[in-house]
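Quick notes on the structure that follows.
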Amino acid sequence: MNSDILPKQYKHEDHEEAIYAQWEEAGAFTPQATSTDPNKEPFSILMPPPNANASLHAGHAMYVIQDIMTRFKRMQGHPTVWFPGTDHAGFETQFVYEKHLKKEKKSRFQFDRETLYENIFDFVKQNSGLIENQMRRLGFSADWSQKTFTLDEHVIKTVHETFSKLAKDGLIYRDNYLVNYCPKCGTTFADLEVTHEDQTSPLYYVRYRFSDGEPRIINGEEIMYITVATVRPETIFADAAVAIHPEDPRAKALHGEYVLNPLTKQPIPIIEDEYVDPEFGTGMLKITPAHDPNDFELGKKHDLPLHVTINTLGKIDLEWHNPEQEPAKGRAEQLKTQFHNQSIFHARPAVVKLLEAENSLEKIDEKYQNKVTVCYKGKHTIEPLPYPNWFVNMEPLAKLGLEAVEQNKVELIPSRFVKQYQQWLENIRDWPISRQIVWGIRMPVWYNARENTNIFVSFLDTNGERHNLTLEKAYEAGFELVEIRAGLQSLIAPTETPFEISPESPGDDFIQETDTFDTWFSSGQWPLVVLKYPDGENFQQFYPTSLLDTMWDILFFWVARMIMLGTYLTGDVPFKHVYLHSMVTDSKGAKMSKSKGNVINPLDIVEKYGADALRIALVAGSAPGNPIALSEPKVKGYRNFGNKIWNIGRFIQISESEHGRSPAVSEVDANEFSAEDTKILNQLDELVTSVTENLEKFRFSDAALGIYDFLWNDFANGYLENNKDRTETDAYRATVSHVYFISLQLLHPFMPFVTEAVWQQLRREDRLLITSQWPE
RNA sequence: GAGUCUGUAGCUCAGUGGUAGAGCGCUUCGUUGACAUCGAAGAGGCCACAGGUUCGAACCCUGUCAGACUCACCA
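Under the working numbering, think of the first position of the first sequence as 156, with each following residue one higher.
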């Protein structure tokens with residue numbers, strides 16, 4: 156069919172697109188492509204779903220691991236599928252969308268939640284499909300006819316059912332627990348989503364005077380006050396006590412005493428607790444249960460009141476709801492005028508100024524080193540504050556997760572991650588699964604809006620005006636429930652509010668929770684939603700899946716949760732092996748980041764050197780769990796390798812054009828083979844064995860380098876060069892042809908395009924290389 | 001504070017107790033027919049350091065130094 160001799164160079168841009176189209180037309184990516192033997196074990200991989208509105212980055216290029224395994228298993232004749240999909244990426248996407256809104260001088264508060272949701276959906280749709288096409292360019296043989304998006308109807312249904320089951324099993328609870336709240340992002344974060352950053356902050360030494368104004372004698376000295384060190388003087392409004400270590404020599408003299416809160420001038424008790432480090436600061440610790448996680452625990456233990464004085468907007472809130480806690484009349488007015496509704500960033504210097512003016516500030520240590528908690532996304536300072544949130548009790552789930560790995564039902568590769576995994580699960584805290592954003596799966600929870608009028612709502616009325624108030628006040632102001640629901644932005648129901656779990660409204664008087672599920676709650680069910688648990692055919696055939704490949708940074712976020720939720724729901728682990736692939740770095744081993752300006756776009760590399768070169772460059776010389784440096788010289792080297800493959804083909808083609816088609820090895824008398832023929836054929840057999848074994852054991856680098864070394868050194872530079880005087884013998888021609896075509900098959904998972912291109916140019920059979928039978 | 005990983009050629013890194021490896025780079029030579037995106041030859045290593053186990057250690061154990069990471073976190 157092709158009598159022309161191949162050009163001297165392999166030009167990837169002339170082949171890749173056409174070959175990919177050929178594969179798709181042939182249905183090569185479906186599980187029916189090669190499965191002639193129904194007894195062969197199904198093989199499946201779930202693609203970690205990229206963000207639906209994302210563009211391909213170097214990390215996605217590492218999914219080549221998945222494509223290699225998929226192609227390998229497909230050629231071995233297993234019913235094979237690589238399931239693709241995309242994630243709505245709740246907070247991430249809303250964050251991007253809000254930046255987009257900001258450019259248009261708009262804010263999310265101008266929209267009711269339904270409209271905002273629709274707008275984000277449209278925004279995401281504009282970019283959807285982009286990453287899929289980019290993955291095609293890398294040659295990924297995923298079954299695109301079976302895509303899942305985490306907001307598909309059946310996904311939402313499954314997520315609802317999982318939540319409902321967890322609730323039935325008593326694993327869901329609401330709590331006013333102190334959460335990591337980011338006032339800038341407007342939502343709660345899980346512990347995993349915040350980090351601690353070093354910083355130098357002033358440490359303020361603040362005087363708390365005795366409530367009766369009388370001096371006390373401590374260690375023979377008359378004192379009028381005690382001194383407490385703090386980096387957050389603006390939280391003094393919410394102080395509920397001062398604590399001292401019980402063994403502290405001063406403790407006895409201070410037992411049962413009260414001091415005045417230096418801001419509110421209200422008396423607060425001095426309590427004793429071993430939590431306090433007598434060596435630190437002044438040995439006295441102010442207790443602010445509403446705004447510090449440790450103090451929250453101490454507050455519970457000592458039954459201290461919870462004063463919330465920082466609100467969800469990051470502003471000082473000096474409405475005292477409990478009259479008993481309200482400061483003296485004049486003082487309350489003064490503080491309100493000065494601080495109410497002030498941003499906490501401005502409040503701090505203002506509070507310091509007031510303390511100074513009232514002689515309550517002893518000194519400032521300007522060089523104090525501490526750590527501040529920030530959100531992972533914008534690095535905004537996190538405000539710990541009480542906020543009604545939904546939690547999953549992780550204890551029973553963590554147990555399932557630990558068992559799965561400890562009993563080797565799930566193998567982590569490399570195994571050193573087992574320790575990290577265990578450490579995390581053994582110390583796990585309950586999982587807050589609710590987020591105060593609209594872009595996500597809304598919780599199927601309903602409150603009776605007639606009976607629970609203390610629910611706080613934010614909504615736009617029919618004129619587009621925004622209201623923040625309780626339902627009770629809203630009804631009083633003449634708003635109908637219908638109008639509130641239509642314009643609803645968010646609601647906060649007190650933790651004790653009764654609720655019903657249902658996908659649909661239980662009645663006219665009900666209002667739905669506005670919180671959405673944490674993205675990881677839905678993606679944590681990825682194996683179930685992709686395979687359509689519990690009744691889907693794919694679930695029956697492919698669960699548990701064979702391999703999960705992802706980067707180690709989401710081992711806790713995603714992998715652990717899939718193992719836990721999968722096992723919890725089905726009784727079986729969702730996958731048998733977890734391969735934690737390399738992080739792709741720049742050529743110097745530095746993490747790629749926009750701010751460093753060292754980001755390499757994999758598509759630029761594909762453009763320049765071809766997908767094959769990029770693919771094998773990412774795999775050869777890399778080890779799981781270790782970084783892999785992506786350098787242009789390396790890719791160029793493998794581009795040259797592709798050209799070498801091409802030219803071996805060209806060499807065979809030229810030879811065949813002179814001497815006719817090469818015979819098969821079986822067609823040649825065994826006696827005609829020279830020692831060198833036999834040697835290279837034996838080496839090939841060994842290569843087949845070692846590549847197969849390496850792939851079975853996920854040793855991708857060894858497999859790739861083995862083929863590379865054999866083809867270039869043993870075969871091309873050795874055998875072919877040394878036997879150029881025998882080009883007319885059948886034994887030689889049969890050997891060359893045999894070695895070459897088997898090698899192409901071995902190399903195909905790594906470099907699918909060039910191998911398929913020469914395979915089709917030289918073979919006189921219709922079968923595509925992608926669906927040819929793996930050599931044994 | 002607890003834990004993990006890494007340290008091998010100039011660079012980037014594989015390495016599975018048995019003679020130290022690859023790619024790139026470097027030096028010298030070679031273009032008439034598969035390929036210059038090529039070929040031939042070569043230089044370059046106390047495998048971080050110090051002990052130990054072993055017939056034998058880059059590999060296993062202990063410690064030290066250096067770098068990276070994970071988790072937790074005290075005002």
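Cβ coordinates follow ideal geometry from the N, Cα and C atoms, glycine included.
Nothing here was measured: the structure is a model prediction, and the numbers come from that model.
Taking all protein chains shown into account, G765 has 16 or more neighbouring C-beta atoms within 10 Å of its C-beta and is therefore buried. Counting every other CB atom within 10 Å of its CB across the protein chains shown gives E348 a total of 16 or more, marking it as buried. In terms of Cβ geometry, H622 and K339 do not form a close pair [threshold 7 Å]. With respect to the C-alpha of E627, the residue from A604, G595, Y698 having the closest C-alpha is A604. As computed with DSSP, E538 is found in a beta bridge with Y336.
Taking 8 Å as the upper bound for CB-CB distance, I399 and A406 are in contact here, some 5 Å apart. A contact is defined here as three or more CB-CB pairs under 8 Å, and the region 886-901 meets this definition with respect to the region 812-825.
The residues P370, R371, in chain order, have a CB closer than 7 Å to that of I378 in the same chain once the five nearest residues on each side in sequence are set aside.
The three-state secondary structure of D242, taken from DSSP, is strand. By the beta-carbon neighbour count (other beta carbons within 10 angstroms, threshold 16), V846 is buried. When the five nearest sequence neighbours on each side are left out, the beta carbons in the same chain lying within less than 7 Å of the beta carbon of L321 are those of I327, V547, in order along the chain.
Distance between R229 and Q221, taken at the CA atoms: about 12 Å.
A Cβ-Cβ separation of about 29 Å leaves D704 out of contact with I275 under the 8 Å criterion.
Below 8 Å, too few C-beta pairs join the region 637-644 and the region 670-688 to call them touching: fewer than three. The beta-carbon separation of D857 and N849, rounded to 5 Å, stays under the 8 Å limit for a contact.
The alpha helix (DSSP H) runs lying completely inside the region 536-619 and spanning 4 residues or more are 550-561, 572-581, given in chain order.
The beta carbon of N514 sits closer than 8 Å to the beta carbons of R362 from its chain, once the five residues preceding and following it are set aside; these are given in chain order.
The alpha-carbon of R291 is positioned some 39 Å away from that of H351. Spanning the alpha carbons of D458 and K441 requires a straight line of approximately 15 Å. Here I596 is near T671, since their CB atoms are less than 7 Å apart. Assignment of N693 by DSSP, reduced to helix, strand and coil, places it in the helix class. For H309, there is no enclosing beta strand (DSSP E); the residue is part of the alpha helix (DSSP H) that begins and ends at 308-323. A straight line joining the alpha-carbon of D277 with that of A396 spans about 51 Å. Judged by pairs of C-beta atoms under 8 Å, the region 208-224 does not touch the region 710-724, as fewer than three such pairs exist.
As a beta-bridge residue in DSSP terms, Q667 pairs with W601. Under the three-state reduction of DSSP, H255 is assigned to helix. When rounded, the separation of the alpha-carbon atoms in F711 and V685 is 20 Å. Per DSSP, A886 is one residue of the alpha helix (DSSP H) stretching across 885-902.
Straight across, the Cα-Cα distance linking N798 with Q578 is about 48 Å.
Contact between P779 and P569 holds: CB atoms are separated by about 5 Å, below the 8 Å threshold. According to the DSSP assignment, F198 belongs to the beta strand (DSSP E) that extends over 198-201.
Counting C-beta atoms within 10 angstroms of its own C-beta, P587 has 16 or more neighbours from the protein chains shown and is therefore classed as buried. With a cut-off of 8 Å on Cβ pairs, the region 647-657 is not in contact with the region 294-303, counting fewer than three such pairs. K687 is not a Cβ neighbour of F697, given a cutoff of 7 Å. For N525, the beta-bridge partners assigned by DSSP are Q354.
Non-local C-beta neighbours of K491 in its own chain, meaning closer than 7 Å and more than five positions away in sequence, comprise L473, ordered along the chain.
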